[in-house]
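Heads up, the sequence shown is in our numbering, so the first residue is 2 and it goes up one at a time. Quick reminder that beta carbons are idealized off the backbone N, C-alpha and C, glycines included.
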Amino acid sequence: MTVSAKGEAASPARRRDALPVRKIVRRKLSDEVFDRLLKEIETGLYPPNAHIPSERELMAAYGVGRPAIREAMQRLEKLGLIVITHGERARVSQPTVADVIGQIEHAARHILMTQPGSLSQLQDARVFFEIGMVREAARLADEQDIARLEAALATQAAFLDKDSGRFVAADMEFHTKIAAVTRNGVLEAVSRAMLHWLSMFHASLLLWKGHETVTLEEHRIILDAIIAHDEDAAAEAMRTHLLRSRGLFLSPNAQSQAPSPIADLKP
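Written as structure tokens, this is what we have:
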């Protein structure tokens with residue numbers, strides 16, 4: 002019996018009220034299978050390119066039915082951790098950074114469509130990101146890198162006043178080629194993703210009718226700074242370039258003058 006400070010016996014109801022609520026949640030069998038397979042993949046029991054045991058083998062090993070195995074495997078496939086081919090055993094994949102970033106594309110699209118201020122934040126992030134990236138490119142660029150950047154700029158110039166869609170695609174490719182100079186797969190994948198997210202709904206951030214020549218001139222200045230290995234000049238040229246395009250988007254009457262979004266444009 003529980004006795005209070007005044008010597009009174011506490012009622013069963015009062016004792017029950019004092020207990021913290023800790024509900025026991027029954028987990029689905031597929032969740033248990035998923036957790037176990039995920040751990041076995043992460044710990045290297047099934048390394049990249051290795052085959053996962055068959056459904057029948059997993060059913061016997063885990064003591065569960067086929068539906069739980071299949072549901073867990075489908076979750077792993079959606080995460081890009083395994084590859085399922087009809088008639089074959091599932092295989093552990095070796096995802097790239099680009100694959101991982103691609104997993105959040107639908108979420109990114111939803112954010113840009115529904116959350117006020119998300120576009121502005123993405124623009125700001127791009128400015129900081131690309132300024133640092135071009136510094137590294139100016140430091141590391143070799144003759145082959147410069148040749149690729151020259152080719153990308155020439156391609157963009159070839160579409161001037163001819164094909165706005167390809168002009169934008171070439172614009173994006175110039176920026177991702179700069180990212181490639183860093184030899185950093187994360188930077189390159191993030192660069193492509195940011196540009197793609199911007200292009201899905203706001204192509205006006207990448208192209209503004211009547212300013213294409215200025216864009217080419219600014220790209221030329223950026224490339225010249227990279228060729229000279231002048232990190233400060235490259236960073237300042239990139240800052241000027243990105244802030245100008247951002248200012249155009251925020252200028253009066255911007256929305257009425259903006260070109261149509263290029264929803265299917267891929268970087």
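* **From 70, 50, 80, 199, residue whose alpha carbon lies closest to that of residue 95** => For the purposes of this step, residue 95 is taken as residue 94 along the sequence shown, with counting starting at 1. The shortest Cα separation from residue 95 among 70, 50, 80, 199 belongs to 50.
* Which word fits residue 199, buried or exposed, when buried means at least 16 other C-beta atoms lie within 10 angstroms of its C-beta? -> Looking up residue 199 in the sequence shown gives position 198. Flag for residue 199 reads buried.
* Would you mind stating whether residue 220 and residue 154 have Cβ atoms separated by less than 8 Å? => Start at 1 with the first residue of the sequence shown, and residue 220 comes out as number 219. Start at 1 with the first residue of the sequence shown, and residue 154 comes out as number 153. Residue 220 is a Cβ neighbour of residue 154, given a cutoff of 8 Å.
* Asked: If you run the structure through DSSP and keep just helix, strand and coil, what is residue 34?
  -> Mapped onto the sequence shown, residue 34 falls at position 33. Residue 34 carries a helical assignment under DSSP once its states are collapsed to helix, strand and coil.
* To do: Could you tell me whether the Cβ atoms of residue 91 and residue 84 are closer together than 8 Å?
  => For the purposes of this step, residue 91 is taken as residue 90 along the sequence shown, with counting starting at 1. For the purposes of this step, residue 84 is taken as residue 83 along the sequence shown, with counting starting at 1. Result yes, Cβ atoms of residue 91 and residue 84 sit closer than 8 Å.
* Rounded to the nearest angstrom, how far is the Cβ of residue 101 from that of residue 42, given a contact under 8 Å? -> Against the sequence shown, residue 101 aligns to sequence position 100. Against the sequence shown, residue 42 aligns to sequence position 41. So it is not a contact: roughly 15 Å between Cβ atoms.
* Confirm, please, whether the CB-CB distance from residue 127 to residue 232 is below 8 Å. => To locate residue 232, count along the sequence shown from 1; it is residue 231. To locate residue 127, count along the sequence shown from 1; it is residue 126. In this structure, residue 232 keeps its C-beta atom at 8 Å or more from the C-beta atom of residue 127.
* Distance, residue 156 Cα to residue 253 Cα -> Position 252 of the sequence shown, counted from the start, is the residue given in the question as residue 253. Position 155 of the sequence shown, counted from the start, is the residue given in the question as residue 156. Residue placement at residue 253 cannot be trusted, given a pLDDT of 43 that sits under 50; what the coordinates show is reported in the next sentence. Rounded to whole angstroms, the separation of the alpha carbons of residue 156 and residue 253 is 32 Å.
* Asked: Under a Cβ-count criterion, where at least 16 other Cβ atoms within 10 Å of its own Cβ denotes burial, should residue 177 be classed as buried or exposed?
  -> Against the sequence shown, residue 177 aligns to sequence position 176. Residue 177 comes out buried.
* To do: Determine the DSSP secondary structure at residue 256, reduced to helix, strand or coil.
  => Translated into positions along the sequence shown, residue 256 becomes position 255. Below a pLDDT of 50, predicted positions are generally treated as unreliable, and residue 256, at 42, falls in that range; the measurement from the model is reported next regardless. Of the three classes helix, strand and coil, the one that applies to residue 256 here is helix, per DSSP.
* Asked: Just to confirm, are residue 201 and residue 223 a CB contact at a threshold of 8 Å?
  -> For the purposes of this step, residue 201 is taken as the residue at position 200 of the sequence shown. For the purposes of this step, residue 223 is taken as the residue at position 222 of the sequence shown. Residue 201 places its beta carbon 8 Å or farther from that of residue 223.
* Is residue 131 closer than 8 Å to residue 38 when the C-beta atoms are compared? -> Numbered from its first residue, the sequence shown carries residue 38 at position 37. Numbered from its first residue, the sequence shown carries residue 131 at position 130. The Cβ atoms of residue 38 and residue 131 lie no closer than 8 Å to each other.
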